[in-house]
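Chains as they are written, first to last, in the numbering used here: chain A, 43 to 217; chain B, 311 to 778.
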Amino acid sequence: MARRPILGLFQDANYAAEAGDALKRAGVDQGDFDFLTDAPYPEGAFGERHERHRLYVFPFLGALVGLTVGIMLTSMTQMAYPLVQGGKPILSLPPMAVITYESTMLSAIIFTIIGIMFESRLPKLKKGLYDTRITEGYIGVLVNTEEEKLSEVSAILSQAGAVDVVRENQDTARA
Amino acid sequence: MAANQAHNAGMWVFPRAEEVSGDMAAKSRAMPRPMVAAITVSAILLVLGIIGFVARAVDDGFTDHAPWGYYAAIFSFLLMVTGAAPLVALVFRFTKSHWRRPLSRVSELFALVGILNLLMFIPLMFVLPAINNPGAGEEAMELRRTIWFEVPIGAPHWWDALGVGFLAVLGLAILWLASVPDLAEARLTSGGMRRKFYSLMAGHWFGTKRQWEMQKAGLAVLGAFYFMFLIWVHFIISTDYGQSLIPGWKDSIFPVLYSLTGLQASLGLILIIMFIMRRWGGYQEYIGISLFWSASKILLGLSMLWVYHVFSFMITYWYGRLEVEQDILKYLFTQSYGGMFAANFFFSFVMPFFLLLWNPVRKTAWGPALAGVAVLIGALLFNLRIFVGAFNAGDVYQHALNGVPPAVWPDIWDIFMVVGGLGAAALIYLTGTRIFPLISVWEIKEGAMYQRMGTFIRGEYLILAKPE
């Protein structure tokens, strides 16, 4: 069944929150609608679901990879050329720490940047429904629903106080 | 209420959220005459710098590090100041300060200069003396003093280059992540090449709850990494290109002092830019005096920390009284570069301290900005003193300084390279302001939700919401 986006525009954030409640009451899954804003609103301001993400896994994973590479690089180099310097052991931590710290940081940074791109879903090719009025402070309630439910959702959004309801084929400013 | 209003005049500003986007888009596209003049002057300075660099390379080549002291000093100054600048936004975003909102983009935009830092570092890879002494004998050491111990693969050149390069990459990632909501807005209001660029940079950003949460979490993680990595890069550069080139200089305080000078100077530079924007740039409705007042207290604290670390550095060597320690003090503090140290001390501590100590000055826009000018000059003198001194301290493979070397003053090519470095950084920054809005639009809009004036008994006060 084809799913289509529909966007309700609200001048008042309270009405947008009420639209969210009305959509939930109408049986629309919370994963099927989202609030589009031009600034970060406090968590739960619209009564929306808590978004879970796994971003924090990426830096840890990256750090682990970098740490392993750093330890291997320094220890294997020293084992391959076992020169005793100043009576210190072949595998001594202070000289290893310098390289290991840098390799750990480099890897953690790379993994974090990749993680942000992945978790934000930023490199998405298909463009979504949008309206420039959101940049002027309007709140967008974006609903993805079955084609035959579009009219019902549109009515819910309008009843909640949407100043405009935008559909995909409408001639509206889009990103 | 009237008395209270007079007391707070200009202290807080409340931009209209619905007008910020349009206003910022217009300001980014505009090319006022002072901006054209500034870009032209920066470009001329850059050309002078290139001439100075080519002349120095032709005259002296890259085999001896001594002639490159002033080049190293200006590189270090730029790395120290522009590298630390993005941290100002990150730190105050961590602490959820509302007053920092107008300075976020000004601070993060310095990440662009990271590309210049990396380019300027490349020649320094060639001039740094090898760690292994090619002519080791009875008097000289086999390995010169270094943090790289047994000299692992690529050390120090490639590890230093990786550090400087990744600091630039990390800074650019932070700039992109912090500005992606504004770039997404800009793609809707611009056309032509600008629109294509903004669309590419903004990707699929539409301001969903998930995207805002990811941005917040991403900035927190990258910000923490930036701090950890900046301190590391400051440590390796100040050690490899400063401390390890002066025979017998072993000091754990110097890398800390280096980082501290960077933090102090970067905050000073940001205050100067904020003052210019407020006074002449048409940003008065976005920048209240509260920003200068709040930042000035931190600048005052950093200035006092600076003098504490300088004193700690000096007293350890003064009390040690070994010949090499006395020679280093004479070289960098009292004899060879004594005049430059006095000026450094005046600009990095005396002037900002006495300016910012005075409450009526601290509660203005010009007072903290003037202190910013002072600490910036102080940081430049600090780098000239340390790095020109380090590059001209004699045989790097000796155990200790051989007497007290004389100061080396700049020739015309050195002056060209110093002003050229400053011009190049300014040119990159000014060009960046034509692409990125100088005010973080989304942060100003967010701030507008959480700040307003309210009445309490007879007075009118700022009411701040803390959503977390």
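Idealized CB from N, CA, C, for every residue including glycine. All values reported here derive from a predicted model rather than from experimental measurement.
Item                                                                                                                                                  : Value
For B/Ile749, does the three-state DSSP call read helix, strand or coil?                                                                              : coil
On the three-state DSSP scale, how would you describe A/Arg209?                                                                                       : strand
Helix, strand or coil, according to DSSP, for B/Asp561 in the structure here?                                                                         : coil
Near B/Arg497, which residues of its chain fall below 7 Å by C-beta distance, leaving aside the five closest residues on each side in sequence?       : Arg505, Tyr508, Ser509 and Ala512
In terms of residue numbering, what span does the beta strand (DSSP E) encompassing A/Asp76 cover?                                                    : Phe75 to Leu78
Whose C-alpha, out of B/Arg762, B/Leu740, B/Gly517 and B/Tyr629, is nearest the C-alpha of B/Ser338?                                                  : B/Leu740
Counting only the same chain and skipping the five closest in sequence on each side, list residues whose C-beta sits under 7 Å from that of B/Leu480. : Leu532, Phe535, Tyr536 and Phe539
Beta carbon of B/Gly578, beta carbon of B/Leu453: below 7 Å?                                                                                          : no
Quick check on A/Ala58: buried or exposed, where buried means 16 or more other Cβ atoms within 10 Å of its Cβ?                                        : buried
Over what stretch of residues does the beta strand (DSSP E) that includes A/Glu188 continue unbroken?                                                 : Ile181 to Glu188
Using 7 Å as the limit for Cβ to Cβ distance, is A/Ile181 near chain B?                                                                               : no
CB B/Leu529 to CB B/Leu487, shorter than 7 Å?                                                                                                         : yes
Going by C-alpha distance, which of B/Pro557, B/Ala347 and B/Gln521 is nearest A/Leu78?                                                               : B/Gln521
Going straight from the alpha carbon of B/Pro565 to that of B/Trp469, what length do you get?                                                         : 17 Å
What did DSSP end up calling B/Gly769 once you bin it into helix, strand or coil?                                                                     : strand
Shortest alpha-carbon distance to B/His467 belongs to which of B/Ala450, B/Gly445 and B/Ile441?                                                       : B/Ile441
Using a threshold of 7 Å, state whether the C-beta atoms of B/Ile783 and B/Leu413 are closer than that.                                               : This structure leaves residue 783 of chain B out entirely; chain B is present only between 311 and 778.
Look at the alpha carbon of A/Asp74 and the alpha carbon of A/Asn186, and state the distance between them as a whole number of angstroms.             : 5 Å
In whole angstroms, what is the alpha-carbon distance linking A/Ile156 and B/Val543?                                                                  : 22 Å
Pick from B/Asp721, B/Phe746, B/Leu567 and B/Ile563: whose alpha carbon is nearest that of B/Ala693?                                                  : Residue identity check: residue 693 of chain B is Asn in the sequence provided, not Ala. Among B/Asp721, B/Phe746, B/Leu567 and B/Ile563, the Cα nearest to that of B/Asn693 is on B/Leu567.
Any beta carbon of chain A sitting closer than 7 Å to that of B/Leu422?                                                                               : no
If we call anything under 7 Å between Cβ atoms a contact, is B/Leu737 one with B/Ser352?                                                              : yes
Judging by CA-CA distance, which residue of A/Gly129, A/Gly128 and A/Met114 is the nearest neighbour of A/Ala122?                                     : A/Met114
As a quick exercise: from A/Phe100, A/Tyr180, A/Ala139 and A/Val99, pick the residue whose alpha carbon is nearest that of A/Ser117.                  : A/Ala139
Can you check whether the C-beta of A/Leu97 is within less than 7 Å of a C-beta belonging to chain B?                                                 : yes
Judging by CA-CA distance, which residue of B/Arg672, B/Ile556, B/Asp333 and B/Tyr641 is the nearest neighbour of B/Arg701?                           : Note that residue 701 of chain B corresponds to Phe in the displayed sequence, not to Arg. With distances taken between Cα atoms, B/Phe701 lies closest to B/Ile556.
Quick one: list the residues of chain B neighbouring A/Thr174, beta-carbon separation under 7 Å, in chain order.                                      : Leu498
Which same chain residues, not among the five before or five after B/Ala327, have their C-beta less than 8 Å away from its C-beta?                    : Ile754, Lys755, Ala758 and Met759
Entirely within the segment 585-649 of chain B and at least 4 residues each: give me those alpha helix (DSSP H) ranges in chain order.                : 599-630 and 633-639
Thinking B/Ala421 and B/Arg410 are a contact (beta carbons under 8 Å), I'd like their distance in whole angstroms, please.                            : So it is not a contact: roughly 17 Å between Cβ atoms.
If you check the beta carbons only, do B/Val714 and B/Lys640 fall under 7 Å apart?                                                                    : yes
In chain B, what lies closer than 8 Å to A/His108 by C-beta?                                                                                          : Note that residue 108 of chain A is Gly in the sequence shown, not His. By Cβ distance, chain B contributes nothing, its closest Cβ being about 11 Å from A/Gly108, past 8 Å.
A/Gly104 CB to nearest chain B CB: under 7 Å?                                                                                                         : no
How would you write the range of the beta strand (DSSP E) that A/Arg46 sits in, first residue to last?                                                : Arg45 to Phe52
Within this structure, are the beta carbons of B/Ser576 and B/Val391 separated by less than 7 Å?                                                      : yes
If we cut at 7 Å on Cβ distances, does B/Glu328 have a partner in chain A?                                                                            : yes
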